[in-house]
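Chemist: Starting off with a structure, shown below.
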Amino acid sequence: MDDALAAHLQALERALHGPAVRGDVGQLAALLDDDFREIGSSGTCFDRAAALAEIPRERAQVEIVSSDYAVVLLAPTLAQVRYRSWYVIDGARQREVLRSSLWRLHGEAWRMVFHQGTPAAP
Numbered sequence: 001m002d003d004a005l006a007a008h009l010q011a012l013e014r015a016l017h018g019p020a021v022r023g024d025v026g027q028l029a030a031l032l033d034d035d036f037r038e039i040g041s042s043g044t045c046f047d048r049a050a051a052l053a054e055i056p057r058e059r060a061q062v063e064i065v066s067s068d069y070a071v072v073l074l075a076p077t078l079a080q081v082r083y084r085s086w087y088v089i090d091g092a093r094q095r096e097v098l099r100s101s102l103w104r105l106h107g108e109a110w111r112m113v114f115h116q117g118t119p120a121a122p
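Below, the structure written as structure tokens:
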């Protein structure tokens, strides 16, 4: 795996955690593939349209922190990004989640095609 590509995909994931991207439907749409699907840590499933409607509404509620990234190139145009995240609410670390995303290359741009969050064991 190319270190520059791994760093780029981590940066895209982290961008999706920040309020600037989460609150801007245009920026979100640029990062989410037309075929995007998500299985959230709550067990709820979202398609692209639902994610574009829901994510901007929740952006101000929590801070998302992430670590322990692993990036694997599955094919020349498909990569998996795995990591651990948690929410910081009122200064306290809460809801630790194991996450996995699939990113697909379109021309020169990587776009998320799938994401799943699974609550971490206590």
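Residue numbering for the sequence shown follows UniProt numbering, beginning at 1 and increasing consecutively.
Note that the Cβ used here is the ideal one computed from N, Cα and C, for glycine as well.
None of these values were measured; they are calculated from a predicted model.
1) Jot down the residue ranges of each uninterrupted beta strand (DSSP E) in the segment 4 to 55, minimum 3 residues, whole runs only, in chain order.
2) Could you have a look at E108 and say whether DSSP puts it in helix, strand or coil?
3) Using a Cβ-Cβ cut-off of 7 Å (strictly less than) and excluding sequence neighbours within five positions of G26, which residues of its own chain qualify?
4) Measuring only the C-alpha atoms, how far is R57 from G23?
5) Considering Cα atoms alone, identify which of E63, R48, A4 is closest to I89.
6) Please go through the same chain and pick out, in chain order, the residues whose beta-carbon is closer than 8 Å to the beta-carbon of E54, but skip the five residues on each side of it.
7) Could you give the C-beta distance for V71 and Q10, rounded to a whole number, given that I count them as a contact under 8 Å?
8) Taking buried to mean at least 16 other C-beta atoms within 10 Å of its own C-beta, is A30 buried or exposed?
Modeler: Checking against the coordinates, here is how it stands:
1) Segments of the beta strand (DSSP E) lying fully in the segment 4 to 55: 32 to 39, 45 to 47.
2) Here E108 sits in coil by DSSP.
3) Correct list: empty, nothing qualifies.
4) One C-alpha to the other measures close to 7 Å.
5) By alpha-carbon distance to I89, the top candidate from E63, R48, A4 is E63.
6) Answer for E54: F46, listed in chain order.
7) Rounded to the nearest angstrom, the Cβ distance from V71 to Q10 is 7 Å, consistent with a contact under 8 Å.
8) A30 sits exposed, since fewer than 16 C-beta atoms from the chains shown fall within 10 Å of its C-beta.
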